[in-house]
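Data block below; observations after.
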Amino acid sequence: MLSLLALTLGATSVLAQGAKGGEGHVGGSFEDGGNTQVSAMMLFLGNEDTVYILDKSEGNAAQINGHPAMGAVYDIHSRTATPIEVSSNPFCASGAHMPNGSWIAFGGNGAIGPKGEIGDTNNGAYDSSYGDLAGQTSVRVMNPLGCTGSDAVSSANCQWYDDPAVTHLQAMRWYSTAEAMGDGTVAVIGGYSNGGYINRNYPENTDPVWQGGASQPTYEFWPPRDGWKPPVMQFLVDAGGLNSYPLTYLLASGKMVLQANVSTILWDPNSGEEIPLPPMPDNLVRVYPASGANAMLPLTPANNYSQTVIFCGGNDMPDNAWGNYSWPFINTWEYPASPKCHRLEPEPQDGSAPAYVEDDPMPEGRTMGQFIHLPDGTMLVVNGGLNGTAGYSTMTLETLSYSDMPYGMSLASGPVGRPAIYDPKKPTGQRWITEGLATSNIPRLYHSSALLLPDASVLIAGSNPNVDVNLTTVFPTTYQAERFYPPYFSAPVRPQPQNVPKTISYGGPSFDITIPASSYSGSANDAADNTTVVIIRPGFTTHAMNMGQRYMQLNNTYTVNSDGSITLHVAQAPPNPNLFQPGPALLFVTVNGIPSNGTLVTVGSGQIGTQPTAAIAELPPSVRLDSAKGTGAGSSTTGGNGTSTDQTSGASHTGPIVGGIIAAIALVGLLGAAFGIIVQRRRRAAAQLTGGGGAYPMGAPSGKGGGFGGALSRNGVRNSDSSAFVPLQQD
């Protein structure tokens, strides 16, 4: 029998072997991040000092106005969180930034009380125990700029505006996706009206479009368009239930690439046109609840700002194994997640046909892994499990009793505590790094989250595969946050750029940033060659993805000065707002692979509407000076030619970034034998599913007591009462 310990811990903890850097942090290590007060299902960065946290309605010990809190504000510097009021239930909402720096959380679940029961007041519109309003149509607005310190908690200007009777969506949306467009408006796509494990009735399904009123395969926009009625998106219907949180990215043309189940399309949000693209290879599902890691690769001058999306992990379970609204039809925690990665350039710049390309696999299979852009151009993957899927349940068709569920309500096992770093610039076969990275002993499975912070560390929080707060189960409701410090924190000194702007425009005059000589050591020419200026939007993080996350490198040249300082001549963003939508972002300057602290900037006009654009200013040629050197502590990189005195280069700077990766111990023993047993059990489960026709009726199986289908209407289709679905109730 597969070891419970191995499935519970995933990998043995190891210690980071990096050196302590100039700021006192060990590169590659985890530190205590404090208590989040509510389980951090959703995160976003409000300003340079503050992170906002959203949870679902549940029995959190933290109280606000006499009821359990659903939200908190996290002070980055003190690592403390304070509850703040959220009126409507944001369980599995989507979220997006606005051009002025405000953030919106769209939709959510109905009002919920103890043990996931439907709200007890006004036909489920409110619950008196947990104090939450129904949130399926909610539009919650937070304007966090200037909300720091005590003001972030107490100021009237720093509270959620959350009144579903005043601001609301046109349709109920739970597990929807939000993606900003080039004019700052937001497309809100898909979701459930009410729901459960996946978005379908199965095997009996007489209403594949609306699923008896439980599905919402439509889209709308925020702010609302005049006279708009949300139309059906056929792609979501065709995705056959695996269409929750569709993976969505805006492209240079203004179209979006959407991926759900194994299908992919280009979608024009203005005309509604859907253009089929090749399917995901190997029957791999990356959308929820398979929840593969996904992100758009860095947009850089070197790749001409090509938009390529990477997908890693997820699950290739057969279609019938996914089950229906109530639960999966197999023991998902026994089914290994995939380690495979694929890239897709949806609009190839060379005019070729779009095609998925297999990339280097991750070091291990992972479901619910999450990509986080780092300022040095690499991408961190954290969280997730070796086996199974997202979601939770009291049973499957192979385990009929909650008392026999080996991991409580969790449908995943084997938490992966060791991060991995992906470097898209490396040659094939060399893109993943795990050496020198510590392993966390805190499981981060369903409802975990991660977010880049302004100091270039990563906040990791959440994990709650439970219908209500449960502190004693195998994978409990988690309030303990961590801060992960990537390898560059072992550097003895970090850049301290001067004259960083507060706004970035789409084209127009360039600007200068000064890097003091104290920000680096060694050759100034080498440092200048290895300096980048990037803007990163960390996004709205939930369910193993960061909606709106983008990384863009701004083009630059440089002048090396006699005192060792370096003047960077930096171009504005390309004059296409679709590449990096208007709104807040962090600007980092990275020297020799070591990033500065990020400065919050506003990209674009700060207003909704057509963004002003202008031609990109021509940058002056780079000027080198061999005698100039940095005065910072530590060792420098090498690479200058060192042959002439003053040198001029006409090329813009696009040099490689040299990251400081520290050698360390990596340990993943015990898993080989475990995987053999897992595969055997997976084959046995698949044989059971395919035997006798391979389709289970929605009623009780022969010889088994109890109903399996939940509430059905007279025609056999599930009705839209969310009380029928397992995620909203517990035996």
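As numbered in mature numbering (1 follows the signal peptide of the UniProt record, and there is no 0), residues -16 to -1, 1 to 715 make up the sequence shown, in order. A virtual CB, placed ideally from N, CA and C, is assigned to each residue, including glycine.
The three-state reading of DSSP puts VAL573 in strand, counting E and B together. Take GLN482, set aside five residues on each side of it, and the residues of its chain with a beta-carbon closer than 6 Å to its own are THR498, in chain order.
No Cβ-Cβ contact shorter than 8 Å links THR373 with ASN267.
For LEU261 and MET25, the gap between their C-alpha atoms comes out near 32 Å. As computed with DSSP, SER505 is found in a beta bridge with THR615. For the beta strand (DSSP E) assignment, the uninterrupted runs of no fewer than 3 residues enclosed by the segment 190 to 250 are, from N- to C-terminal side, 203 to 206, 231 to 234 and 240 to 244. Linking ILE488 to VAL554 through their CA atoms gives a straight-line distance of about 11 Å. Excluding the 5 residues flanking it on each side, PHE572 has same chain C-beta neighbours closer than 6 Å at PRO359, VAL518, PRO579, SER580 and GLY582, in chain order. The shortest C-alpha to C-alpha distance from ASP252 to any of ILE60, MET217, GLY225 and ILE550 is the one to MET217. Residue state for VAL517 is assigned as strand, using DSSP reduced to three classes. By the neighbour-count definition (other C-beta atoms within 10 Å, threshold 16), GLN21 is a buried residue. When DSSP states are grouped into helix, strand and coil, THR121 belongs to the coil group.
ASP343: member of the beta strand (DSSP E) spanning 340 to 343, first to last residue. A distance below 6 Å between beta-carbons, with the five flanking residues on each side excluded, links TYR229 to the following residues of its chain, in chain order: TYR159, THR161, TYR272 and HIS527. Put simply, the segment 499 to 507 does not touch the segment 456 to 469. Fewer than three CB pairs are less than 8 Å apart.
Per DSSP, the unbroken beta strand (DSSP E) holding ALA279 starts and ends at 277 to 280.
Relative to MET352, the option among THR362, LEU429 and CYS325 whose CA is nearest is LEU429. Linking VAL585 to VAL484 through their CA atoms gives a straight-line distance of about 9 Å. Look at the beta carbons and you see the segment 556 to 564 touching the segment 282 to 296: at least three pairs across the two are nearer than 8 Å. Annotation for ALA80: the continuous beta strand (DSSP E) segment containing it runs 78 to 81. DSSP lists TYR176 as the beta-bridge partner residues of TRP158.
The bridge partners DSSP lists for ILE68 are GLY55.
Between TRP311 and MET379 the beta-carbon gap is near 6 Å, inside 8 Å, which marks them as a contact. The three-state reading of DSSP puts SER424 in coil, since its state is none of H, G, I, E or B. With a contact defined as Cβ atoms closer than 8 Å, SER424 and GLY401 qualify at about 4 Å. Around the beta carbon of PRO215, fewer than 16 other beta carbons sit within 10 angstroms, so the residue counts as exposed. When DSSP states are grouped into helix, strand and coil, ASP547 belongs to the coil group. For PRO98, the secondary structure class from DSSP, reduced to helix, strand or coil, is helix.
Contact check between the segment 167 to 185 and the segment 200 to 207: three or more CB pairs, one atom from each, fall below 8 Å, which counts as touching. Apart from the 5 residues on each side of it in sequence, GLY6 sits with its Cβ closer than 6 Å to the Cβ of PRO476 and VAL477 in its chain, given in chain order. Cβ contact annotation for LEU235 (same chain, cutoff 7 Å, sequence separation greater than five): VAL241, GLN291, PRO330, GLU331 and ASN562, in chain order. Taken through DSSP and simplified to helix, strand or coil, VAL453 comes out as coil.
A direct Cα-Cα distance of roughly 9 Å separates LYS410 from TRP416.
For ILE592, DSSP records no beta bridge to any residue. Cα atoms of PRO323 and PRO347: separation of roughly 7 Å, rounded to the nearest angstrom.
Closest option to GLN591, judged by alpha-carbon separation, among PRO438, GLY166 and GLU258: GLY166.
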